[in-house]
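Numbering of the sequence shown is given in the working numbering, commencing with residue 1 and proceeding in unit increments. For every residue, glycine included, the Cβ atom is placed at its ideal position computed from N, Cα and C.
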Amino acid sequence: MRTRSYHRRGVWGGWHIPPNSCLFGHGTKRSIPSVRAGRLLVTWAVVLPLAAVAPQSTTVIQKHRAFTIESITIARGQTIIFSNEDGFTHEIYVETPQFTFESDEQEPGTQVPVTFPVSGHFVVHCHIHPKMHLDVDVQ
Ligand SMILES: [Cu+2]
1 MRTRSYHRRG
11 VWGGWHIPPN
21 SCLFGHGTKR
31 SIPSVRAGRL
41 LVTWAVVLPL
51 AAVAPQSTTV
61 IQKHRAFTIE
71 SITIARGQTI
81 IFSNEDGFTH
91 EIYVETPQFT
101 FESDEQEPGT
111 QVPVTFPVSG
121 HFVVHCHIHP
131 KMHLDVDVQ
């Protein structure tokens, strides 16, 4: 389902761990016993996806040529996942001086994540259905 290039659009935009940081304390000279290291790896494997995705995103459904809500307030850096539950294609976009976004054609049953990196008021439109709009307040 996620074969397109949506990932680079900032699914991980809210992830604030610097790429060079070391999660496992390799900076310390002491070596970790392998059993404990294994347990640490398992713990991180469970915790990291939840921490990265759950609090940072919220889903808005597209159905009957409309967004199912009229407006939404999110925090800066949060991601709205647009979920196409219609039987036809949408193609959403945001166009403001502060922030622009343009999706590819969004097929039925697919999701498009949009991360809002700056505060302000934005309107999400659809190229195919001009009446569709969602007010997004980013605080
Ligand atoms: Cu549409």
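Residue pairing from DSSP leaves Glu105 without any beta-bridge partner. In the DSSP annotation of this structure, the continuous segment of the beta strand (DSSP E) that includes Phe122 starts and ends at Gly120 to Cys126. The Cβ atoms of Val136 and Ile80 sit closer than 8 Å to each other. Between Asn84 and Ala75, the alpha-carbon positions lie close to 23 Å from each other.
Note on Gln98: under 16 other CB atoms within 10 angstroms of its CB, so exposed under the neighbour-count rule. Between ligand 1 and Ile81, a heavy atom-to-CB distance of less than 7 Å is absent.
For His64, the distance from the CB to the nearest heavy atom of ligand 1 is not below 7 Å. DSSP places Pro113 in the uninterrupted beta strand (DSSP E) bounded by Gln111 to Thr115. Per the coordinates, the alpha-carbon of Gln106 lies some 17 Å from the alpha-carbon of Thr68. In the displayed model, Gln98 falls within coil according to three-state DSSP, outside both helix and strand.
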